[in-house]
Amino acid sequence: MAYGTYLNLLFLAIHKQLKEARLRPEPRFPGDFDISREWGEDDSDRQRWMWSTIHSLNGEPLGTIVTIVFHDHTQFRVPRKPQIIALSVISKEDVVTALSLRSDEFKHALEFTVEYEEYLRSLESTE
């Protein structure tokens, strides 16, 4: 929850500027946590990739902004500043394909909901 609060505060100014520019991100920045992907060498240096499609005021999709958030699972710490990737593609499948071409780690990481389901199944099997 702490990182969620951090990201909400981080993106406040960007949301205001997008609104002034008559643009709307869907979902709200930094993106849909459920379909995001996370990985890292260890718990102190993780990265999560999420994205939002940018729409014009009339609803036309214009492109996608991917936010890469670096974080630590051992303490509240942001080891590196977030990074942004701009994509011209808009569908989930095309975004996943484009990001998989950029990063093998992304390609092999599971969506959060899939990863969490596997985690819950692993707990059941240990009982």
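With my numbering, the residue at position 56 of the sequence shown is 444, and numbering never jumps.
C-beta atoms are modelled at their ideal positions from N, C-alpha and C, and glycine is treated no differently.
Would you say residue i and residue j are within 8 Å of each other, going by their C-beta atoms?
i: residue 434; j: residue 426; result: yes
i: residue 454; j: residue 395; result: no
i: residue 450; j: residue 410; result: no
i: residue 459; j: residue 490; result: no
To the nearest angstrom, how far is the alpha carbon of residue i from that of residue j?
i: residue 514; j: residue 504; result: 16 Å
i: residue 389; j: residue 461; result: 12 Å
i: residue 466; j: residue 509; result: 30 Å
i: residue 485; j: residue 493; result: 13 Å
i: residue 392; j: residue 499; result: 17 Å
i: residue 479; j: residue 431; result: 31 Å
i: residue 406; j: residue 463; result: 32 Å
i: residue 512; j: residue 447; result: 44 Å
i: residue 501; j: residue 507; result: 10 Å
For residue i, tell me which candidate among the options has the shortest Cα-Cα distance.
i: residue 429; options: 501, 448, 391, 497; result: 497
i: residue 482; options: 502, 414, 408, 452; result: 452
When the Cβ atoms of the stretch 434-453 are set against those of the stretch 413-424, are three or more pairs found closer than 8 Å?
yes
For the pair the stretch 471-484 and the stretch 398-415, tell me if three or more CB-CB distances fall below 8 Å.
no
Quick one: which unbroken beta strand (DSSP E) runs of 3-plus residues sit fully inside the stretch 437-514? Chain order, please.
449-459, 471-475
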